[in-house]
Every structure is written in structure tokens, then in C-alpha cells.
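Number of protein chains: 2
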Amino acid sequence: MEPMTARASIRQQLQRVREEAIVVAVNRLLATKGYDAMTVDEVAAEAGMAKASLYKLFTSKEELAGAAMVAALERALDFVDGLRAEAARSDGAIDSLSQLKAVTRWAMLSQLEGEMPALPSQNSSLSASLQANDAYMDKLIALSNKLGIWIADAQARGKLNPALPAELLLYTLFARACDPVVGMLKASGQYTNKQILDWVESATFNGLAAR
Amino acid sequence: MEPMTARASIRQQLQRVREEAIVVAVNRLLATKGYDAMTVDEVAAEAGMAKASLYKLFTSKEELAGAAMVAALERALDFVDGLRAEAARSDGAIDSLSQLKAVTRWAMLSQLEGEMPALPSQNSSLSASLQANDAYMDKLIALSNKLGIWIADAQARGKLNPALPAELLLYTLFARACDPVVGMLKASGQYTNKQILDWVESATFNGLAAR
DNA sequence: GTCTATATCAAGATAGAC
DNA sequence: GTCTATCTTGATATAGAC
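Going down the list, the sequences are from chains A and B.
Numbering-wise, the first sequence is residues 1294 to 1504 according to this note's numbering.
Numbering-wise, the second sequence is residues 1294 to 1504 according to this note's numbering.
Spelled out as C-alpha cells, the structure:
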């Protein structure tokens, strides 16, 4: 009996490694080309296996995208939790606005490095399947809740504009994670990543108008 | 000879009407579903003709999209020219920042009404063909130049943040025309169009942070 | 369990009748 | 000039050998 479970465990680990390779490939392709332009052939090639093998682990292209989106949300949640832990250690020296700015910068940097899968534009066939994906929805709601707490706090303290609905603030932060402006500035090739992040952060929180 | 030219002119007008019906249909579909999800069958159905007839007037799906994008840029240029005329009449009472805000609101309202075709996300097969489309590029550059003049003026007068590169300001205004936040707020169904426009305009120019 | 080869299908594009 | 019917292609998904 021991050998059997050991063998099973090894198999599971191998399978897990292959699954992760696939998810990484999907993530990169979603970030660079988007869902529609991504083909399953490309995913298989990049993950180093035949397409049929891939379909043993994931039953559809939509499921592939779902797994990559879940992984991206997990990274975001990890980052947010890291910030919370840091803030707890710093004993109140880090306010919620700084944390929101840090998440925004992290998301934009991920985009610049080709690691942030693009949000499904509404009406895509993808968005329907994502909304039916429990793992995805759970993570999305968890992330929204954690950001929502910071937003409410920042508004209550007068750091974020209290006249704006919290919903708009949340959506805007999500939108920055796949803001085309970031990619356009990078494509122009004249600026460093730090400049781009500083400017877009400034534009997001302080606005385009002079203060 | 007269009858022939008269007949030809009538034919041309009929053709033109049909072309416009097609462009309107493409525009609506691009605004609601995006390029990839839009099918030529849908376009033909919505324009009220067979697909083969449509292909007599436009040689490819990419050309369809190009024509719709050109029409959208022409609407934007018309609106901008209208603002310039108005400002000329008002004798300096309307400053460039107000004009930029007005264009932004107009673009977002067009989006809310399903009349603003979505910008091609980079790396799309569409963006390559658009960059090879002279009519499109001419209008795009013309619009960028006119907005660029307002931007430079507003920065020189200290109305727009002079620390931000003009390129970022321009890209940001274009991005607002297809900002997913606008659609998400509308989808929530709780807000009027005016509220949405006011809030997103405020977020864009004044920032999310309290002033 | 993995791969080669193939089925299936949707969508862009066209032929040919009228 | 317009339409019906068809071609063609590219991509998702699967069958079956090993």
C-alpha cells in the first residue's frame, strides 16, 4: 500500500508541475496577446507538450484562461496580505492610501513585465465563463473586499475623495492593472518603468490638472 | 451623356447610403462587442443585405473596421472643431482645459450610448491594419495635433500638471473614450449618465485623492 | 499518459445564378 | 448588383495508437 500512495503522490506532483507550466504559459499569452488572439496550440508549444496532453488536464480554452486568472488573483491577494502584514508591523505608520498606491504600482509593474493577464472586456465569451467559475469569483470578491476596506478607511480619513462612490474607486484601481496608457508609454520606448509608474500613479491619484 | 451621368450619380448615392448603413452597423457592433467578437454575418444582417453584397463594397473585415474607426475620428474632429468655433465666438471666455474636459465628456457619453468603437488593444491583428490605413492615420494625427495644442496651452497656463509629459495626457484622454470603468458603472445600473460622467471627469482631472 | 492524426465547426471570403 | 450556396481556413477539441 505504501508504494502505491507514494507513486500516486509522485504522479500528482508531476501533474502539478505540468499544470503550473501551462498556467504560466497561458498567463504570459493572455498578458501579451489577449484571450481571443491566444491559441491553444501556442499554449501547448510554450508549455512543452502536445495539445492532446494539455486537454487531459484542462477541458477547454476557457478553463485555461480561468486558471490563469485565478493565479493572477492569488498573486494579487498575496501582495495585499504582504502589505497588511507590513502595516501591522509598522504600527500604524503606513496608511491605507499608501497601501492602495502600492497595490496599484505593483499591478502596473506586473503589466509592464508582461505578467498581468488582461481583464476580459465585457461581453466577451470569456467573461461569462469566468462569472460561472467559483474559484475565480471567490478570489475576485476576496480581493475586492480587502481593497474595499482600505478604500472606506481612506475616504473616512479624508485621504480619498469622499464624494466619489467607493465602487468607482475600486473599479478604477482594477482598470489601472490593464491600463492601455501604461503599454503605450512603454511602447514609445523613451521612458523608464519607474517614470511610467510615477506618472500614472500621479495621474490616477492626483489627477491630470495642476494642484 | 447627361442621362448616363445622372444615372451614375444616382447609383453612387444609393451605394453611398448602403455604405453608410454598413458603417453604422459596424460602429455599433465594435462599440458593443469589439472587433474579434463581431462577425461579418452580423454586420450584413444589421445592415440589411447579404454578406456577398457587403463584400462588393468592402474587401475585408479589417477594412470594415477601418471605415468605422475613420467615421468615429471624423465625429471627434467635428466635435473638436465645433468647440474651437464656439471658443472663438466667446472671445477667450473658454479656456483650453474646459475644452479638453468637454471632449472627454463627449467621448464618454458616446461610449455610454454604444456609439464609440473600442480602441484596438495593442497587438491585435486589427491595429496593424489600421496603422497601414492612411485615412485612419491622417485623422488620428489630425485629432492628436488639435488636442495637443490644447494640452500644451493648458500646461503652459498651469491648468494641467506641467510635470506630466504631454504624451501621457493625450493617451489618457484617448483611453477615457473606452474606459471600462464607464461601462462597469453603467452596468451596475444604479447611476445616471450624468453622475457617471461627472465622477469619471472628476477622477480623471482632479484625481481619486481628496483635494 | 503522451503524442500523431483527424474530426468538427465557426467564420471570412467567393462563385455563379438571376 | 444582389443573393444563395459554397469554398477555404484556422482553431477547438478528440480518437486511437503506443
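Ideal placement from N, C-alpha and C gives every residue a C-beta, glycine not left out.
- Any Cβ of chain B closer than 8 Å to the Cβ of Q1392 of chain A would place that residue at the interface, and such an atom is absent.
- Within the segment 1466-1497 of chain A, those residues whose Cβ lies closer than 9 Å to any Cβ of chain B are, in chain order, L1466, F1467, A1468, C1471, D1472, P1473, V1474, G1476, M1477, L1478, A1480, S1481, Q1483, Y1484, Q1488, I1489, W1492, V1493, S1495, A1496, T1497.
- Relative to the Cα of D1334 of chain A, the nearest Cα in the group A:K1326, A:Y1328, A:A1343 belongs to A:A1343.
- Counting only Cβ-Cβ distances below 9 Å, Y1429 of chain A has no contacts in chain B at all, with the closest Cβ about 17 Å away.
- Counting C-beta pairs with one atom in each stretch, the segment 1424-1444 of chain B and the segment 1480-1500 of chain B have fewer than three that are closer than 8 Å, which means they do not touch.
- Counting C-beta pairs with one atom in each stretch, the segment 1449-1460 of chain B and the segment 1477-1492 of chain B have fewer than three that are closer than 8 Å, which means they do not touch.
- Note that the segment 1359-1374 of chain A touches the segment 1312-1319 of chain A; at least 3 beta-carbon pairs, one per stretch, sit closer than 8 Å.
- When Cβ pairs closer than 8 Å are counted between the two stretches, the segment 1374-1391 of chain B is seen not to touch the segment 1347-1362 of chain B, the count staying below three.
- Contact between E1355 of chain B and L1419 of chain B holds, with the beta-carbon distance rounding to 6 Å and staying under 8 Å.
- Between the alpha carbons of A1503 of chain B and A1447 of chain B lies a distance of about 22 Å.
- Looking at the DSSP output, A1502 of chain B sits in a beta bridge with A:L1453.
- Exposure of L1307 of chain A is indicated by the presence of fewer than 16 other C-beta atoms within 10 angstroms of its C-beta.
- With a threshold of 16 other beta carbon atoms within 10 Å, K1432 of chain B meets it and is buried.
- Close partners of Q1415 of chain B in chain A (Cβ separation under 8 Å): P1473, G1476, M1477, A1480.
- Assigned with DSSP and collapsed to three states, A1428 of chain B falls in helix.
- In the three-state scheme derived from DSSP, where H, G and I count as helix and E and B as strand, A1330 of chain B is classed as coil.
- For the segment 1315-1337 of chain B, the set of residues with a beta-carbon nearer than 8 Å to any beta-carbon of chain A comprises T1325, K1326, G1327, D1329, A1330, in chain order.
- For a Cβ distance threshold of 8 Å, residue set P1473, V1474, M1477, L1478 of chain A lies close to Y1464 of chain B, ordered along the chain.
- The DSSP-derived three-state label of G1482 of chain A is coil.
- Boundaries of the alpha helix (DSSP H) harbouring S1389 of chain B: 1389-1405, taken from the DSSP string.
- Not a single C-beta of chain B is nearer than 8 Å to the C-beta of A1445 of chain A.
- Within a 10 Å sphere around the beta-carbon of Q1404 of chain A sit 16 or more other beta-carbons, which makes this residue buried.
- With a threshold of 16 other beta carbon atoms within 10 Å, R1304 of chain A falls short and is exposed.
- C-alpha of L1322 of chain A to C-alpha of A1381 of chain A: approximately 36 Å in a straight line.
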